[in-house]
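Below: the structure, in structure tokens.
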Amino acid sequence: MTALELESVSRQFVTPDGGSYRALDNVSLAIPAGAFVAIVGPSGCGKSTLLNIAAGLVAPSSGSVRVDGNALSGLNRRATYMFQQDALLPWKNVRENVALGLILAGVAAADANARASEWLARVGLSAFAAHYPSQLSGGMRKRVTMAQNWILDRGMLLMDEPFSALDVHTRQRMETELLTLWESADDRGPERAALRGDTNIVARPFQGRDRAHRKTVIFVTHDLEEAIALADEVVVLSAGPASHVVARHAVALERPRDLFELRTSPAFIDLYRLLWAVLRDEVIKSQRDA
Amino acid sequence: MKSSRASATHSGAVLAWQIAVGALAIAAWQTLVTLGVLDAFFVSRPSDIARRLSTWVASGTLWGHLATTLEESLLGLTVGAALGISLGFGFARSPMVARVFDPYIKMLNAVPRVVLAPLFLLWFGLGIWSKVALAVTLVFFVMFFNTYQGVRDADKVLIDNVRMLGASERQLVRHVLVPSALTWIFSSLQTSLGFAMVGAVVGEYLGATRGLGYVIAQAEGTFDTTGVFAGMTVLGVVVVIVSAGVSRLERWLLRWKA
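Protein sequence lines correspond, in order, to chains D and B.
Here my numbering is used: position 274 in the first sequence is 274, and no number is missing along the way.
Here my numbering is used: position 13 in the second sequence is 13, and no number is missing along the way.
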């Protein structure tokens, strides 16, 4: 099944001097449910615009967006969004931030807090439930944000360079935690079904690595290494203006992946060479224009 | 822990210096008057001022005046804040209204408040309400501009994030816009409170039957410089005490800030 489908999507912006800037030009992209897709491209190539269109925060100037087969109008309620910048509410403590989505959905406070506590345990931040975001390190804030997104259990996760502000070691750790969460969705499938009262699935033994229970992740980054390390498929966007898809490549590295070893494996390096050959030209173009 | 203890000894040193500076200034004042360099008729002298203050305290006349001034200030602060915050919010949420009223708001804010005082006396009488009105005109604009800015400056990413998490417009206002504006409003609480007291005292000064401003005006009328300085001293002390309280309140309300 296709989780997200962009068809000939273009987007123009009005520039401050009254002209128009074409960020995206005729982008068509179909992303299967449960896939982890990375979108790479040089800075200013419209990656974030693409993600904002998928989120429904920005409407396309032309073309259509379908989510789970239905035309998207307004915000994408099947998705949560992890922004590049910190987006935790500074005046709410960690637990309140994680519970926020549930509270907004009308879940009773006691229930929401209990579930937030479970999620804080999963991301290893139980001891920091009463802290405010300003009292946490950058890596901790990202983990809170992951819990805040994941607690809603929506099918799609949009991520806009979520770890780019972190130092390289913290970043690798966050990438590992992201993959762990994402892959562990397999095991939580039956459990969630049980919560919904769907006992058939629980009775079925060995759910296995059933993709259908994984979230669809669309991960925007300018870092090709990160893209290959995390994703099932890498999409390369051309330099702006008028960005379009210049390459798509499947990443056939097996899961679960050991991110600390992966980057030196021959398969990884081959893929990197292949995709860098494409991305390099776009990066050079973007720098010549800048 | 360590740093908080370090800052505690540090603030102890600051307090000691603050007292020393005050004591030195008072001693210099007293000495200069005693030596005849300054004339006590024009600048009074600290010992006389202290004596006058203790008379006021002993006879109990001080408390009534002080209570009146504080009551006017507090009412002015409350009414001014209520008006400023609600209008600021309304303007920030409806850009059209904001643009239409923008020149009028600026014009009104440019009016020197002293000019308004006689009008308010005419409209609201000699009692506390003319002073409250004057305080309101000062507090209102501080609160209005801060609320307006606070709502307009609310972080775009926070708004997008909360909307993606499922917030309705009303929830967006409650969870993001109001708290964002509140940080601006709390930060301006000190200024607002100071303005409220200025409004009350100036109002009393220009026409009243009670209050610290009235006491000062009466003393000036009889060339009683000791009375004027005693009144100013009371005002100064009250402001320091109240603003220490406001600082604590502000620290508590904005405790989530690093």
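Yeah, the Cβ is synthetic: ideal placement off N, Cα and C, and Gly gets one too.
Q: Express the C-alpha separation of arginine 173 of chain D and arginine 263 of chain D in angstroms, rounding to a whole number.
A: Numbered from 1 along the first sequence, position 263 holds the residue referred to as residue 263 of chain D. Numbered from 1 along the first sequence, position 173 holds the residue referred to as residue 173 of chain D. Each residue's Cα considered, the two are about 14 angstroms apart.
**Q.** Span of the alpha helix (DSSP H) around phenylalanine 13 of chain D
**A.** If you number the first sequence from 1, residue 13 of chain D lands on position 13. That residue, phenylalanine 13 of chain D, is in no alpha helix (DSSP H); its beta strand (DSSP E) goes 2-14.
Q. For glutamate 169 of chain B, is the classification buried or exposed, using 16 other Cβ atoms within 10 angstroms of its Cβ as the cut-off for buried?
A. Along the second sequence, read from residue 1 onward, the residue named residue 169 of chain B stands at position 169. Exposed, because fewer than 16 other Cβ atoms sit within 10 Å of the Cβ of glutamate 169 of chain B.
Q. Using a C-beta to C-beta distance shorter than 8 angstroms, which residues of chain B count as neighbours of phenylalanine 83 of chain D?
A. Locating residue 83 of chain D in the first sequence gives position 83, where the first residue counts as 1. Residues of chain B passing the Cβ test: Val157, Asp160 and Asn161.
**Q.** Reduced DSSP category for asparagine 52 of chain D - H, G, I as helix; E, B as strand; rest coil
**A.** Numbered from its first residue, the first sequence carries residue 52 of chain D at position 52. Three-state result, asparagine 52 of chain D: helix.
Q | C-beta atoms of glycine 80 of chain B and phenylalanine 140 of chain B nearer than 8 angstroms | A | Reading the second sequence from its first residue, position 80 is the one you call residue 80 of chain B. Reading the second sequence from its first residue, position 140 is the one you call residue 140 of chain B. Taking 8 angstroms as the Cβ cut-off, glycine 80 of chain B and phenylalanine 140 of chain B qualify as a contacting pair.
Q: Use the C-beta contact count for arginine 163 of chain B: other C-beta atoms within 10 angstroms, 16 or more gives buried, fewer gives exposed.
A: Locating residue 163 of chain B in the second sequence gives position 163, counting from the first residue. It is buried - the Cβ of arginine 163 of chain B has at least 16 other Cβ atoms within 10 Å.
Q. Name the DSSP bridge partner or partners of alanine 30 of chain D?
A. In the first sequence, counting from the first residue as 1, residue 30 of chain D sits at position 30. According to DSSP, alanine 30 of chain D bridges with D:Glu5.
(Q) Please classify valine 27 of chain D as buried or exposed, where buried requires at least 16 neighbouring CB atoms within 10 angstroms. (A) Taking the first residue of the first sequence as 1, we reach residue 27 of chain D at position 27. It is buried - the Cβ of valine 27 of chain D has at least 16 other Cβ atoms within 10 Å.
**Q.** Proximity below 8 angstroms, CB of alanine 196 of chain B to CB of serine 86 of chain B
**A.** Numbered from its first residue, the second sequence carries residue 196 of chain B at position 196. Numbered from its first residue, the second sequence carries residue 86 of chain B at position 86. In this structure, serine 86 of chain B does not lie closer than 8 angstroms to alanine 196 of chain B by Cβ.
Q: Spatial neighbours of asparagine 200 of chain D within its chain, please: CB distance less than 6 angstroms, with the 5 preceding and 5 following residues excluded, ordered by chain position.
A: For the purposes of this step, residue 200 of chain D is taken as residue 200 along the first sequence, with counting starting at 1. Only weak support is given to the placement of asparagine 200 of chain D: the predicted model assigns it a pLDDT of 40, under 50, and the question is left unresolved by the model.
Q: Sort D:Ser73, D:Ser8 and D:Ile39 by Cα distance to alanine 239 of chain D and report the nearest one.
A: As a position in the first sequence, residue 239 of chain D is number 239, starting the count at 1. Checked all of D:Ser73, D:Ser8 and D:Ile39; the closest Cα to alanine 239 of chain D is D:Ile39.
**Q.** Cα-Cα separation between lysine 106 of chain B and serine 94 of chain B, rounded to whole angstroms
**A.** Position 106 of the second sequence, counted from the first residue, corresponds to residue 106 of chain B. Position 94 of the second sequence, counted from the first residue, corresponds to residue 94 of chain B. So the two alpha carbons sit approximately 18 angstroms from each other.
Q) Using the beta-carbon count (16 or more within 10 Å), is arginine 209 of chain D buried or exposed? A) Indexing the first sequence from 1 puts residue 209 of chain D at position 209. Unreliable positioning characterises arginine 209 of chain D in this predicted model, as indicated by a pLDDT of 47, which lies under 50. The coordinate reading is nonetheless provided below. Its Cβ having fewer than 16 others within 10 Å, arginine 209 of chain D is exposed.
(Q) What does the Cβ neighbour count give for lysine 142 of chain D, buried or exposed, with the cut at 16 atoms within 10 Å? (A) Position 142 of the first sequence, counting from 1, holds the residue named residue 142 of chain D. With 16 or more other Cβ atoms within 10 Å, it is buried.
Q: Name the two residues that bound the continuous alpha helix (DSSP H) containing leucine 253 of chain D.
A: Along the first sequence, read from residue 1 onward, the residue named residue 253 of chain D stands at position 253. Note, leucine 253 of chain D: premise wrong, no alpha helix (DSSP H); not H, not E.
Q) For valine 176 of chain B, which residues of its own chain have a beta-carbon under 7 angstroms away from its beta-carbon, when the five flanking residues on both sides are left out? A) Counted from its first residue, the second sequence places residue 176 of chain B at position 176. For valine 176 of chain B, where only same-chain residues beyond five positions count, the Cβ hits under 7 angstroms are Ala154, Leu158, Ile159 and Val162.
Q: Label methionine 96 of chain B either buried or exposed according to how many other C-beta atoms from any shown protein chain fall within 10 Å of its C-beta, with 16 as the threshold for buried.
A: Locating residue 96 of chain B in the second sequence gives position 96, counting from the first residue. So methionine 96 of chain B counts as exposed.
Q: In angstroms with no decimal places, state the Cα-to-Cα distance between arginine 99 of chain B and alanine 110 of chain B.
A: For this step, residue 99 of chain B is matched to residue 99 along the second sequence. For this step, residue 110 of chain B is matched to residue 110 along the second sequence. For arginine 99 of chain B and alanine 110 of chain B, the distance between alpha carbons rounds to 18 angstroms.
Q: Within its chain, find whatever has a CB closer than 8 angstroms to the CB of isoleucine 53 of chain D; leave out the 5 residues flanking it on each side and keep chain order.
A: If you number the first sequence from 1, residue 53 of chain D lands on position 53. Hits under 8 angstroms: Leu6, Val9, Arg11, Leu24, Ala59, Pro60 and Val65.
Q: Could you say which of D:Gly18, D:Ala250, D:Ser134 and D:Val245 lies nearest to proline 32 of chain D if we only look at CA atoms?
A: The residue given as residue 32 of chain D occupies position 32 in the first sequence. Cα-wise, what sits closest to proline 32 of chain D is D:Ala250.
Q: Please classify alanine 231 of chain D: does DSSP put it in a helix, a strand, or coil?
A: For this step, residue 231 of chain D is matched to residue 231 along the first sequence. Correct three-state label for alanine 231 of chain D: coil.
(Q) Taking the beta carbon of glycine 64 of chain B as the centre, do at least 16 other beta carbons fall within 10 Å, making it buried, or is it exposed? (A) Position 64 of the second sequence holds residue 64 of chain B. Answer is exposed; the Cβ neighbour count stays below 16.
Q) Closest Cβ-Cβ distance between alanine 135 of chain B and chain D: below 8 angstroms? A) Position 135 of the second sequence, counted from the first residue, corresponds to residue 135 of chain B. No, because no Cβ of chain D sits closer than 8 angstroms to the Cβ of alanine 135 of chain B.
(Q) Here's the rule I'm using: 16 or more other beta-carbon atoms within 10 Å means buried, otherwise exposed. How should phenylalanine 41 of chain B be labelled? (A) By one-based count along the second sequence, residue 41 of chain B stands at place 41. Under this definition phenylalanine 41 of chain B is an exposed residue.
Q | Residue range of the unbroken alpha helix (DSSP H) whose run includes glycine 138 of chain D | A | One-based indexing of the first sequence puts residue 138 of chain D at position 138. Segment 138-150, the alpha helix (DSSP H) holding glycine 138 of chain D.
(Q) Please report the straight-line C-alpha distance between methionine 1 of chain D and leucine 224 of chain D, rounded to a whole angstrom. (A) Counting from 1 along the first sequence, the entry for residue 1 of chain D is found at position 1. Counting from 1 along the first sequence, the entry for residue 224 of chain D is found at position 224. Methionine 1 of chain D and leucine 224 of chain D: Cα-Cα distance of roughly 27 angstroms.
Q: Taking alanine 167 of chain B as the query, report the chain D residues whose CB atoms sit under 7 angstroms from its CB, ordered along the chain.
A: As a first step, residue 167 of chain B is located in the second sequence; it is residue number 167 there, counting from the start. Those within 7 angstroms of alanine 167 of chain B in chain D are Leu104.
Q. Which runs of the beta strand (DSSP E) spanning at least 3 residues fall entirely within the segment 70-125 of chain D, listed in chain order?
A. 79-82
Q. Relative to the C-alpha of valine 178 of chain B, which residue among D:Ile284, D:Asp111, D:Trp276 and D:Trp91 is closest?
A. By one-based count along the second sequence, residue 178 of chain B stands at place 178. When only C-alpha atoms are compared, the closest one is D:Trp91.
Q: Label glutamate 204 of chain B either buried or exposed according to how many other C-beta atoms from any shown protein chain fall within 10 Å of its C-beta, with 16 as the threshold for buried.
A: The residue you call residue 204 of chain B lines up with position 204 of the second sequence. Result: buried.
Q.
Taking 8 angstroms as the limit between beta carbons, can you name the residues of its chain near glutamine 84 of chain D, skipping five residues before and five after?
A. Taking the first sequence and counting its residues from 1, the one referred to as residue 84 of chain D is at position 84. Taken in chain order, the residues that qualify are Ser48, Asp160, Glu161, Pro162, Ser164 and Ala165.
Q: Starting from the Cα of leucine 108 of chain B, find the closest Cα among B:Trp256, B:Tyr148 and B:Leu138 and give me that residue.
A: For this step, residue 108 of chain B is matched to residue 108 along the second sequence. Nearest C-alpha to leucine 108 of chain B: B:Leu138.
Q) Counting only beta-carbon atoms, is serine 134 of chain D nearer than 8 angstroms to chain B? A) One-based indexing of the first sequence puts residue 134 of chain D at position 134. At least one chain B Cβ lies under 8 angstroms of serine 134 of chain D.
Q. Taking Cβ-Cβ distances shorter than 8 angstroms, what residues in chain D pair up with valine 176 of chain B?
A. On the second sequence, position 176 is the one that residue 176 of chain B refers to. Per Cβ cutoff of 8 angstroms: Leu89.
**Q.** 8 angstroms Cβ cutoff met for phenylalanine 128 of chain D and methionine 140 of chain D
**A.** In the first sequence, residue 128 of chain D corresponds to position 128, counting from 1. In the first sequence, residue 140 of chain D corresponds to position 140, counting from 1. In this structure, methionine 140 of chain D lies closer than 8 angstroms to phenylalanine 128 of chain D by Cβ.
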